[in-house]
Structure formats: structure tokens, C-alpha cells
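J.: For reference, the structure I am asking about is given below.
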Amino acid sequence: MDFINLIGRVFLNFLQSMGRFAIFGAKSVYNCFTPPFYFRSIAAQMVEIGFYSLPVVALTTLFAGLVIALQSYAGFTKFSAEGAVAMVVELSVTRELAPVMAGLMVAGRIGAAMAAELGTMRVTEQIDALYTLSTNPFKYLIAPRIWGAVLMMPILVFIGDIIGIYGGYLVCVYKLGFNPSTYISNTWEYLQYMDIVSGMVKAAVFGLIIALMGCYNGYYSKGGAQGVGAAATNAVVTASILILITNYMLTELFFMK
Amino acid sequence: MATPKVEMKHIYKSFGSKKVLEDFSLTVNKGESLVIIGGSGTGKSVTIKSILGLLKPDKGSIKVDGKEIVGMSSKELEEVNSRSGMLFQGAALFDSLNVWRNVAFGLIQGKKLKPKEAREIAIEKLKDVGLSSDVAELFPDELSGGMKKRVGLARAIAGNPELIFFDEPTTGLDPIMSDVINDLIKRCVDDLGATAITITHDMASARKIASKVAMLYQGKIIWHGDVKDIDNSGNPYVEQFISGKAEGPIQMEVRK
Ligand SMILES: Nc1ncnc2c1ncn2[C@@H]1O[C@H](COP(=O)(O)OP(=O)(O)O)[C@@H](O)[C@H]1O
Ligand SMILES: [Mg+2]
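Respectively, the protein sequence lines represent chains A and B. Per our numbering, residue 73 is the first one in the first sequence, and the count goes up by one each step. Per our numbering, residue 155 is the first one in the second sequence, and the count goes up by one each step.
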């Protein structure tokens, strides 16, 4: 009996937090489109998310490009199909690797920071103070973070695309001895508009996920410093899992018609 | 009779299975300075947060200036709150903003004043709470506890509110700084002609600030009267609280 009780309680808790998250998400997105807009805060978030994430995103996509070139060469050389390496690098970097890598890296950097910042503001009553000063925290704190993440993630991924493809070029030309101009023309031949665009759309969705999970966990954190730490961890873990799941669904949506 | 500034009727509020307010009723008239006393964790902060609309009671009615605020839209609530101010227990200054921007926050964001104008008012308010313009450019983490409280006070009064809340304004301060803060609160409230609701368990502070005192115990107001009557309230709970004795009708939950 106790066991059934427990399952029931866990299930109800789950439904309750899903409901709370749905309301939070709807309210956040609504407040992104209604004035007042805090353009200064949006700009600050864009710099924080876009500019300061550039090194990690560049590094991860570079290595992703390097390693995918090596592996696909190892595979294709068995069929004497080395010409396909450029295509595999281009496809996997733009469609999958750059958006997912950038998403996970930014989730770690920014999701945690957002949760910690808002969580600290929650437990020190700064969020309550905003309300008493006639300022809606959804507009002042959350909307700029969502805008920042949704606008900058696609740009980060676009840069990641270039760096990742360049990584493949480096391996193929300097390590495997491909002809540089053939490699470049192969890349251009297979590169499609949709590859780049789909990756950037994914990136915008991942940006929304990162900002929502960071803000949600921070906004509802409780119980002092420990609660803030837990909020940051939860934000990163939930955002990362959601990014991987959403990535699969979006790939199916874009490419499996 | 004039409409009361705040009128709370039959408020119930619980968190999970923990009942905090149970059939709580309290009326505060215009111009009064009410001090709510009561032990830690009895729901004093919850009471204030309910009046500000930060927490929604499970049941009951709260009227501010005769207008029901339970169930009010956030837009309307913003309008009501633009006429009130609050000093939070830990001051709750915005870490990312310097002192004058903290004080001017409500003026710039809420009342849409130009930063230059708002800064002048902020400096003026800082002077009112005994801080020189040198601190205006400092950040909250560079201030001592007493200074933070003063900046918080300046921020609470910056918009010339009609209703001001003070949540444990002297907790964590030394006795002399406490008295300084008490004096400031009394002067600011008198100058503004505002209605004030203060939470404290510091009886010296209560005697100095209050015109009325209400005691919260087990979710209800068990005594409400003039501050001059507090020493002969005839209420054993109040007597125990103001004398600060462990023996009496109030039993602390101490696990042995
Ligand atoms: N947001 C909240 N969520 C859960 N419990 C809360 C919340 N706010 C207050 N409480 C609980 O309500 C009780 C009263 O809190 P509070 O009003 O802060 O006490 P105090 O009288 O010391 O100000 C405490 O037991 C506290 O744990
Ligand atoms: Mg309290």
C-alpha cells in the first residue's frame, strides 16, 4: 500500500512541476514580446552568451571537425571513396556536430550561470524587491536572457560550422595529403543551404531551452546557497538532456521526409 | 469612518502541509505605524508578502485602500505597489547595480524618470538616511550591514510611498546601529506621513517605532492594541514575549 502511495505521490509531483514549468515557459515567452524591453540587458546578455562562449565553441567544433575527418577517411578508404570525406565532414558538422556541441557547451557555461544568478537573487529576496519596485522580473531578468540565447546561438553555430569544416580541411590536406582545391570544391559541391539553416534553427531552439532551464531553476530555487548550487546543476543536466532529445526530433523533422 | 489603508480578513496560507496563517485578520488605518511581533517562523514575512501580492493566500481577502488585491492582475498590482515601499530583511540590494542606481531603481524603471533626475533624488534620499554622496558609486558588496540597511531604506522611501513595510530592520545589527535605524525609520515615516507596517522581535525597536502593536501566534493575531498598553495587555502570550522568558504559554518547538 505504501509503495502505491509513493508512486502516486511521485507521479503527482511530476505532473505538478510539469504544469509549473509549462506556465513558466508560456509566461516567459509572452514577456519576450511585450514592452517594456530592456535593450541594454539584452545587449549585455548577447555579449555574455555570444562573445564569451566563442572560445569554447570554436575549440569543440574544431576538434569535432578534425576527428570526423580522420574517422570517415578510415572508413571510406576501404571502398576507395576518399572523395566522400569532404561531404561527410560538411554534413555532420553543419547538421549535427556544431549545433549539439555548441548547445552542450553553452548549456554548461550559460545555463549554470543563469540559474546561479537568478537563484541568488531569489534567496536574497532581490526578485521580490523587483516586484515591489514595479518591475516585472520576467521582463527585466528572463526576457533578456532568452533573447540573448536565442539570437546568439545561431551565430555561434554558424562560426562553429566554418571552424569545423576548416578542421576537416586541415586533417585531409596536411595529414592525409588530399589536394586542397579538390577538397574545397568537393565541400562546395555538396554544401546545401538547408544544412546550414537547419543547424542554425536547431541552435535557436537550443538557446531557448538553455535560457528557459537556467531561468526556471534559478527562479524557483530555495534554501540558501545549497539550493542555488542544486539549481545550477539541474539547469545544466536538464538542458543537456533536452538538447539531445530535441536534436533527434528536429533531425527527423528536417531530413526524413 | 475612512477606509483603512490595509484590511486583511480571514486569511489562510499554507506551504505543503505546513499551515502558516490560519484565519488571520488585521486592519491598519491610515497614518498608523503598526509593529507586528511574534516568534521566528510564525509567518510575519508571509503576512507582508501577501499584502504586496508576492504570495497569494489560499483563502481570504486583502484590501489596500479599499481595493481587493487577491486575484488582481500583475499590471494592476504594479500600480498599487508603485505607492508602497519595502525594506527587506537582508536589504535585498541588487548586486549588479551601484548604490545610487539601487536607490533610483523604482524611479527609473517604475516612474520613468530620466537617470540624471533620478540620481539627484537618490543622492538626496541617501542624505536623508545619513549617507554621504561618496557611497553613491559603491557597490553593495562594498558596504557594511548597517550601510546596506540604510541604502535599502533609502530605496524603500525613494518613491515617496504611502505605505511602507520594514522586515526585521534591526536584526543582525549592533544595538547602537539598531537605534540609529529605528530613529531613521521613525523620521522617514513621519516626514512622509506614511502608513508603516514593521516586523520585529526586538522590543526596543517596537516601542520606538510603533503606534500600534499586534502579536502573531499560531497563524492568528492574538493581541492588537496601542503601544502604550503593551505593558498591561493582560495577555499572557504578550507578557511572555515582551519579557523574553522561556517559561509561559508559548512553547518553543525544541526537540530533545
Ligand atoms: N516560499 C515559501 N515556501 C515554503 N515555505 C515557506 C515559504 N515562505 C515561508 N515559508 C515557511 O513559512 C513559515 C513562516 O515564514 P516567515 O513568514 O518567513 O517567518 P517569520 O515570521 O520569521 O518572518 C516558515 O516556516 C517558512 O519555512
Ligand atoms: Mg521573516
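Beta carbons are placed, not taken as given, at the ideal position from N, Cα and C, and that holds for glycine. All figures in this text were calculated on a predicted structure; none of them were measured in a lab.
Contact check, N430/B vs T204/A under 8 Å by CB: the rounded distance?
T.: Residue coverage of chain B in this structure runs from 155 to 410, which leaves residue 430/B outside it and unanswerable.
J.: Does chain A have any CB closer than 7 Å to the CB of N235/B?
T.: yes
J.: According to DSSP, is F242/B part of a helix, a strand, or is it coil?
T.: coil
J.: Have a look at K374/B, F395/B and D383/B and flag the residue whose alpha-carbon is nearest the alpha-carbon of H164/B.
T.: K374/B
J.: Looking at K198/B and ligand 1, is the gap between the Cβ and the nearest heavy atom below 6 Å?
T.: yes
J.: Against chain B, does Y203/A count as a neighbour if the rule is that its beta carbon must be under 7 Å from one of theirs?
T.: yes
J.: Here's a check: name, in chain order, each residue in its chain whose Cβ is nearer than 6 Å to the Cβ of W279/A, leaving out the five neighbours to either side.
T.: In the sequence under discussion, the amino acid at residue 279/A is Gly, which differs from the Trp named in the question. Cβ within range, chain order: A221, V222 and M225.
J.: Please confirm whether T254/A has its beta-carbon closer than 7 Å to some beta-carbon of chain C.
T.: Structure shown: chain C not included; protein chains present are A and B.
J.: Please list the partners that N208/A has in chain B, where partner means a Cβ-to-Cβ separation under 8 Å.
T.: S228 and E232
J.: In chain A, what lies closer than 7 Å to G373/B by C-beta?
T.: Going along chain A, no residue has its Cβ under 7 Å from G373/B, so there is no contact; the nearest lies around 21 Å.
J.: Does DSSP classify K268/B as helix, strand or coil?
T.: Residue state, collapsed to three classes: coil.
J.: Between the C-alpha atoms of D200/A and G398/B, what's the straight-line distance to the nearest angstrom?
T.: 32 Å
J.: Please find out if some non-hydrogen atom of ligand 1 comes closer than 6 Å to the beta-carbon of V189/B.
T.: no
J.: Between the stretch 191-220 of chain B and chain A, which residues of the former have CB atoms less than 8 Å from a CB of the latter, in chain order?
T.: K203, L206, G207 and L208
J.: To the nearest whole angstrom, what separates the beta carbons of L285/B and N314/B, a pair I think is in contact under 8 Å?
T.: Not confirmed; about 18 Å, so no contact.
J.: Are there any heavy atoms of ligand 1 lying less than 6 Å away from the beta-carbon of F395/B, as far as the coordinates show?
T.: no
J.: Quick one: grab the DSSP three-state call for A368/B.
T.: strand
J.: Tell me V218/B's beta-bridge partners as DSSP assigns them.
T.: V160/B and K221/B
J.: What residues in its chain sit with their C-beta under 6 Å from that of M173/A, if we drop five residues either side in the sequence?
T.: T132, T133 and A136
J.: At a CB-CB cut-off below 8 Å, which residues of chain A make contact with F259/B?
T.: L205 and T207
J.: K173/B bridges to which residues according to DSSP?
T.: S168/B
J.: Following a CB-centred definition, is V367/B positioned closer than 6 Å to any heavy atom of ligand 1?
T.: no
J.: Exposed or buried, which one is L87/A when buried takes at least 16 other CB atoms within 10 Å?
T.: exposed
J.: If distances are taken between C-alpha atoms only, which option among R341/B, F242/B, I330/B and K229/B comes closest to K281/B?
T.: R341/B
J.: Quick one: measure Cβ to Cβ for A188/A and V300/A, integer angstroms, because I've assumed they're closer than 8 Å.
T.: 6 Å
J.: Go to A350/B, then tell me how far its beta strand (DSSP E) extends in each direction, as first and last residue.
T.: T349 to I353
J.: Where do the N-terminal and C-terminal ends of the alpha helix (DSSP H) with K302/B fall, by residue?
T.: G299 to I311
J.: Can you find a C-beta in chain A that's less than 7 Å from the C-beta of K410/B?
T.: Note that K410/B has pLDDT 46, beneath the 50 cutoff, so the model's placement of it is unreliable and the number below is only indicative. Not closer than 7 Å to any Cβ of chain A, the Cβ of K410/B fails to qualify, so no.
J.: When every heavy atom of ligand 1 is checked, does at least one fall within less than 6 Å of the C-beta of N174/B?
T.: Just to set this straight, residue 174/B is Val in the shown sequence, not Asn. True, at least one ligand heavy atom lies under 6 Å from that Cβ.
J.: Can you tell me which of the three DSSP states T181/B falls into?
T.: DSSP places T181/B in strand when its eight states are reduced to three.
J.: If you follow the alpha helix (DSSP H) that K198/B is part of, which residue opens it and which one closes it?
T.: K198 to I205
J.: Taking 6 Å as the line, does the beta carbon of S111/B fall inside it for any heavy atom of ligand 1?
T.: No statement about residue 111/B is possible, as the shown extent of chain B runs from 155 to 410 and does not include it.
J.: Rounded to a whole number of angstroms, what is the C-alpha to C-alpha distance between P171/A and G286/A?
T.: 19 Å
J.: Where does the unbroken beta strand (DSSP E) through D321/B begin, and where does it stop?
T.: L317 to D321
J.: Using a Cβ cut-off of 9 Å, pull out every chain B residue sitting near T196/A, in sequence order please.
T.: For T196/A, the neighbours in chain B by C-beta distance under 9 Å run, in chain order, F242, G244, A245, A246, L247 and D249.
J.: Thinking just about the alpha-carbon of each residue, which of G193/B, T157/B and K159/B is nearest to the one in Q394/B?
T.: G193/B
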